[in-house]
Structures are given as structure tokens and as C-alpha cells.
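Undergrad: The end of the sequence shown is residue 86 by my numbering, with every number in the run present. Virtual Cβ for every residue (Gly too), placed ideally from N, Cα, C. Have a look at this one before I ask anything.
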Amino acid sequence: MHDSGLLNITKVSFSDRGKYTCVASNIYGTVNNTVTLRVIFTSGDMGVYYMVVCLVAFTIVMV
């Protein structure tokens with residue numbers, strides 16, 4: 024994880040699949056957002072590779 028809060032997964036593998044939750048909090052409260060990372064194993068003319076699919080669900084709250 025970078026200081027900016029960015030999560031960068033390099034050299035992704037099938038074991039990286041799963042749910043990742045980002046939690047931010049301050050004096051006003053805490054919010055979180057969960058994404059599901061799917062890693063699909065496939066092969067083609069260029070050899071074997073992994074394709075990453077990131078599914079994001081979020082809620083926008085208007086105040």
C-alpha cells in the first residue's frame with residue numbers, strides 16, 4: 024500500500040482473489056468500501072496470463 028492510500032497489486036496471482044476493504048475514519052465518523060477482486064486464469068497466443076476483474080459496490084450519501 025502506498026502513502027497515498029493506493030493499493031497496487033503487481034504480479035497478480037490467483038491467490039490474490041477475494042474481498043478488499045478500505046476503511047477511512049476521522050473525528051466525524053468512519054466509512055468503508057469493499058471491492059471484490061476476481062482473478063481469471065486463462066491462456067492465449069501470448070501464453071498463460073491472469074486477467075483481473077475488480078467489482079466495486081458503493082453507496083453515495085448526500086448530506
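Got a sec, what are the start and stop residues for the beta strand (DSSP E) Asn49 sits in?
TA: Stepping through the sequence shown from its first residue, residue 49 is reached at position 26. 41 to 49 is the span of the beta strand (DSSP E), which, as asked, contains Asn49.
Undergrad: With a Cβ-Cβ cutoff of 8 Å, do Tyr43 and Thr57 count as a contact?
TA: The count along the sequence shown starts at 1 and reaches residue 43 at position 20. The count along the sequence shown starts at 1 and reaches residue 57 at position 34. Their beta carbons are under 8 Å apart, which means Tyr43 touches Thr57 by this criterion.
Undergrad: How many Å lie between Ala47 and Ser27 at the Cα?
TA: Start at 1 with the first residue of the sequence shown, and residue 47 comes out as number 24. Start at 1 with the first residue of the sequence shown, and residue 27 comes out as number 4. Those two C-alpha atoms are separated by around 13 Å.
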